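S.K.:
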Amino acid sequence: MKTDTIAAIATAMSDSGIGIIRVSGDDAIDIVDKIYRNVKRQRVLSEYKSHTIHYGLIVKDDESVLDEVMVSVMKKPKSYTREDTVEINCHGGVLMMREILSAVAASGARIAEPGEFTKRAFLNGRIDLAKAEAVMDIIHAKNEFALQSSVQQLKGSVSDKIKGLREEILYEIAFIESALDDPEHISLDGYHSRLSAKTDSIIQELNQLLDSADNGRMLKEGIHTVIVGKPNAGKSSLLNRLMGEERAIVTEVAGTTRDTLEETISLDGITLNMIDTAGIRDTEDLVEKIGVEKAKSITKDADLILYVVDSSVNLDESDRQIIKMIQDKNVIILLNKSDLNEVVSEEKLYQMIHTVSGQPFIKNGKVIKTSTKEESGISVLTELIKDMFFHGKISYNDEVYITSIRHKEAIRDAVNSMLQVRISLERNMPEDFYSIDLMSAYASLGTIIGEEVGEDLINEIFSKFCMGK
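Using my numbering, the letters of the sequence shown map in sequence onto residues 1 to 469.
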């Protein structure tokens, strides 16, 4: 681990009221003391108590004033990195921040790598790896849930759950090893049944965490939503209404949208990563044909399909193609243009679905009536999405959500190891086999909090952080 003193600009590189230059390491106070003066032009930074803030000046080599500042002093171990830390609060001009950072570097600090402050907090034992990743998630949060979830993870919601499961597993490992080493004093009689019950309990808890992973990902990153339908069904109008602005071109000419249009919107705290696609129909136009094929391809990876049907126009072969495409997806069908004379009713739509798929309804499908012209049905759409993905409500605090793919894979590995324990129990294998797979599950969960990870993975994780954090 590097123990030299590092420095970086901790605020955004844009003109603002305040800019912060963060310095951390054994020599942080001495380095900043070389360029800091109090109002009496004295070098006194090292005399200040920890967790205090002071008005003063940053000076150049010739003692001319570079800026008026407020300097915070935080002495180890009670700092973010558990190292001596100094933060210089200066005027927030980009040039000024760079000038002060250069002065700090010239006084002996090294420019920090991305995420190096948080990396030091992890390596110095102030936070575990799951909490460190939550710091990055807080910075990149796209909606209220993502922010609240990341804050809860930083407080330890995921870490505490994982540590609790690891303690349960470790107890069983220790018991087995102790019994094998000292069979005269520690009996394994009846242990098979007790371990079987404990194994089932741990598997159940791990599976609950896995079940939260998809919802956690969608709430954190957004629901991957694709709008499909025939030309002129109102797909682009729907996107415009959801966004509250005329983002997509809308005309009476069929086939106006020939390529995908991607936008991120928020509906009552839910983030939708929306993709408006070309109207699906048979066409001889080469460009439009490419757009139609692209639309079909995109639906394969969608979390949610919004199938827009023009209720004033009869269903046809294009609708048959769309229904075939979306059979196994989460689908909300919007019977649009409900302000016009209705030609397609819910009954007719269900008849076609039954004709195409042999089923009366699309799996995981809902139908609502909308009018993008009159902006009706949007609130119903929002409630349907909540019900479809989050059982009608979004909980910020009651449930532990897994929002990291890395965490999900580690938990899945732990489940597989615990399933091997169950198989060994069913086959009455020797206790040594239980211990091996229990240890594997213990190690897999350890990667989440950073107790079973290599340097390469640590470097990869922190390289994704922004500078100064």
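Glycine is no exception: its CB is placed at the ideal position from the N, C-alpha and C atoms.
Computed from a prediction, not measured in an experiment: that's the story for all the values here.
#1: Looking at residue 43 and the ligand FMN, is the gap between the Cβ and the nearest heavy atom below 7 Å?
#2: Assign residue 251 to one of three DSSP states: helix, strand, or coil.
#3: Rounded to whole angstroms, what's the CA-CA distance from residue 191 to residue 183? Just pull it up for me.
#4: Please classify residue 407 as buried or exposed, where buried requires at least 16 other C-beta atoms within 10 Å of its C-beta.
#5: Taking only the alpha-carbon atoms, compute the straight-line gap between residue 109 and residue 135 and give it to the nearest angstrom.
#6: Taking residue 298 and residue 326 to be in contact with their CB atoms under 8 Å, please state how far apart those CB atoms are, rounded to whole angstroms.
#7: For the segment 69 to 83 and the segment 51 to 60, state whether three or more C-beta atom pairs, one from each stretch, are separated by less than 8 Å.
#8: Once DSSP output is grouped into helix, strand and coil, what is the label at residue 106?
#9: Under a three-way DSSP split, which group does residue 375 fall into?
#10: Quick one: what's residue 91 bridged to in DSSP?
#11: What does DSSP give as the partner residue(s) for residue 74 in the beta ladder?
#12: Could you tell me the distance, in whole angstroms, from the CA atom of residue 168 to the CA atom of residue 440?
#13: With 16 as the cutoff for other CB atoms within 10 Å, does residue 336 come out buried or exposed?
#14: Given a threshold of 16 other Cβ atoms within 10 Å of its Cβ, counted over all protein chains shown, does residue 5 qualify as buried or as exposed?
#15: For residue 271, which three-state DSSP category applies?
#16: Does DSSP put residue 473 in a helix, a strand or coil?
#17: Measuring CA to CA, which of 454, 415, 331 and 240 is closest to residue 368?
#18: Looking only at its chain, what residues have a beta carbon closer than 6 Å to the beta carbon of residue 219, apart from the 5 residues adjacent to it on each side?
#19: Using the three-state DSSP reduction, which class does residue 67 fall into: helix, strand or coil?
#20: Taking the straight line between their C-alpha atoms, what separation do you get for residue 257 and residue 225?
#21: Report the rounded CA-to-CA distance for residue 120 versus residue 9, giving the unit in angstroms.
#22: Could you have a look at residue 329 and say whether DSSP puts it in helix, strand or coil?
#23: Among 270, 269, 152 and 237, which one has its Cα closest to the Cα of residue 277?
#24: Could you check the C-alpha separation between residue 15 and residue 61 for me, to the nearest Å?
M.R.: The answer reads as follows:
#1: Among the components modelled here there is no ligand, and therefore nothing to report on the ligand FMN.
#2: Because the pLDDT of residue 251 is 42, which lies under 50, any placement of that residue in the model is unreliable, and the number read from its coordinates should be weighed accordingly. Residue 251: coil per DSSP, three-state reduction.
#3: 13 Å
#4: buried
#5: 24 Å
#6: Residue 298 to residue 326, Cβ: 12 Å. No contact.
#7: yes
#8: Residue 106 falls in the helix class under three-state DSSP.
#9: Coil at residue 375, not helix or strand.
#10: The bridge partners DSSP lists for residue 91 are 18.
#11: Answer is 85.
#12: Rounded to the nearest angstrom, the two C-alpha atoms are 14 Å apart.
#13: buried
#14: By the neighbour-count criterion, in which a residue is buried when 16 or more other Cβ atoms sit within 10 angstroms of its Cβ, residue 5 is buried.
#15: strand
#16: Only positions 1 to 469 of the chain appear in the structure, and residue 473 is not among them; the question remains open.
#17: 331
#18: Closer than 6 Å at Cβ, skipping near neighbours: 145.
#19: strand
#20: For residue 257, the predicted structure reports a pLDDT of 45, less than 50, and the residue's modelled location is therefore unreliable. A value from the coordinates is still provided. Distance between the alpha carbons of residue 257 and residue 225: 17 Å.
#21: 16 Å
#22: coil
#23: 237
#24: 25 Å
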